[in-house]
Amino acid sequence: MKLLVSLTFISLSLAADSVYLERVKPLLEKNCLSCHGDYHLETWYRGLPIIENIIKDHQKEAKSKLDLTNDSFFKGKGSQADIYWSIARSIESDRMPPYYFKYPHLDLQFNDSDKKFLVEWFKNKSKELMQEEDEK
Ligand code: HEC
């Protein structure tokens, strides 16, 4: 019985959240997942040889710090709760996406309500995860 409970717990915590898939991920795709995930942003300059290498380097560094490819159970620094919190903070403080991405892609910027929604969603999720981690 105990095993069953913990298995259910694990699968609940690790399964991609439907709100994430339906509302959060579409917002993150171009702005975040083009570095921290598998999204392929089509741009005219992407194919330029030097630029292509710079982009690849950024993606490598970005993914080594934060990898969102799996849609859940993100890879990054600290616990899952820490990771969700640092995502919220990076959006809230405008630290991410980095300026060298943001200025060429001003058209992709989050509007105020998307930004507010994302920050709140990641913070709430972080708090939930922290509670789950405490209960373990
Ligand atoms: C142009 C590529 C690029 C894009 C787009 C990008 N990032 Fe990053 N990100 C990086 C790089 C490179 C690092 C590692 C170096 C650093 O921390 O500045 C990083 C680090 C991070 C970290 C590490 C922890 C921290 O807070 O320092 C978080 C969280 C993060 N990014 C979140 C995001 C989110 C959320 C978005 C979308 C709103 C985003 N990033 C978009 C390149 C990118």
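Numbering that gives the first Met the number 0 applies: residue 0 is where the sequence shown begins, and numbers increase by one.
Ideal placement from N, C-alpha and C gives every residue a C-beta, glycine not left out.
Taking the CA atoms as reference points, Leu128 sits about 9 angstroms from Tyr83. For the 8 angstroms CB-CB criterion, Asp66 and Leu20 do not form a contact. Secondary structure of Lys74 (DSSP, three-state): strand.
Contact between Leu117 and Val23 holds, with the beta-carbon distance rounding to 7 angstroms and staying under 8 angstroms. Of the residues Arg88, His35, Lys64, Lys29, the one whose Cα lies closest to the Cα of Glu41 is Lys29. Between the ligand HEC and the CB of Ile86, the shortest heavy atom gap is smaller than 7 angstroms.
Cβ contact annotation for His39 (same chain, cutoff 8 angstroms, sequence separation greater than five): Ser33, in chain order. For Tyr44, there is no enclosing alpha helix (DSSP H), as DSSP marks it with neither H nor E. Remark: the C-beta of Asn30 is in contact range of the ligand HEC, defined as less than 7 angstroms to any heavy atom. Within the DSSP bridge table, the entry for Asp66 names Lys74 as partners. In the three-state DSSP reduction, Gln108 falls in the coil class, being neither helix nor strand.
Linking Lys101 to Met95 through their CA atoms gives a straight-line distance of about 8 angstroms.
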